[in-house]
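Written out below as structure tokens is the structure these notes cover.
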Amino acid sequence: MDKQLLLFNSDGSEFTVDGEKLLINDFKYSAKRMGTAPTITATINHPKCLDDLIDNTKYTVFNDEKYFLKGAIASSYDSSSIIYKHETTWVSERAVLETVYFFDAVKGSDAE
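Numbering (the working numbering), first residue to last: 171 to 282.
Below, the structure written as structure tokens:
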């Protein structure tokens, strides 16, 4: 299992801030057997505010599957450690299937 997540731009290049890769070490993977697509909730701690830099064109990869940003980033500033804390939720690309209807049709026998 992955221990760190990297962010990527829409063209597949690694997302960097001031020339450095942005590694996500604090994250939680959540998946149900049936129901909604898997999600990852992650906390990104960084000296800069990343609200304008991370948008829905960025993605991360976990277990060989792409996860895209869901909703807005919730950011807060900690003046004691002089760092921004960004709470993010990433949803699997399988979420597209939640809006697709599937039909199970059985073809009748020709003997009728």
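Even glycine gets a Cβ: it sits at the ideal position worked out from N, Cα and C. Because the structure is a prediction, the values reported are computed rather than measured.
Is DSSP giving residue i helix, strand or coil here?
i, result
"Ala244", "strand"
"Ala212", "strand"
Of all the options the options, which has the alpha carbon lying nearest to the alpha carbon of residue i?
i, options, result
"Met204", "Ile210, Ser279, Ala265", "Ala265"
"Leu175", "Gly241, Asp248, Ala242, Tyr237", "Tyr237"
"Ile210", "Tyr247, Ile252, Ile194", "Ile194"
"Lys173", "Tyr199, Glu190, Gly182, Glu184", "Tyr199"
"Leu192", "Phe273, Lys255, His216", "His216"
Cβ atoms of residue j and residue i: under 9 angstroms apart, would you say?
i, j, result
"Thr213", "Asp196", "yes"
"Pro208", "Val276", "no"
"Asn179", "Thr227", "yes"
"Asp221", "Ile253", "no"
What's the C-alpha gap between residue i and residue j?
i, j, result
"Asp188", "Glu263", "28 angstroms"
"Gly241", "Gly278", "46 angstroms"
"Tyr247", "His256", "9 angstroms"
"Asp274", "Thr206", "20 angstroms"
"Leu177", "Glu235", "13 angstroms"
"Tyr271", "Asn233", "26 angstroms"
How close, in whole Å, do the beta carbons of residue i and residue j come, if the pair is a contact with beta carbons under 8 angstroms?
i, j, result
"Cys286", "Ser250", "Given a span of 171 to 282 for the chain in the structure shown, any question on residue 286 remains unanswerable."
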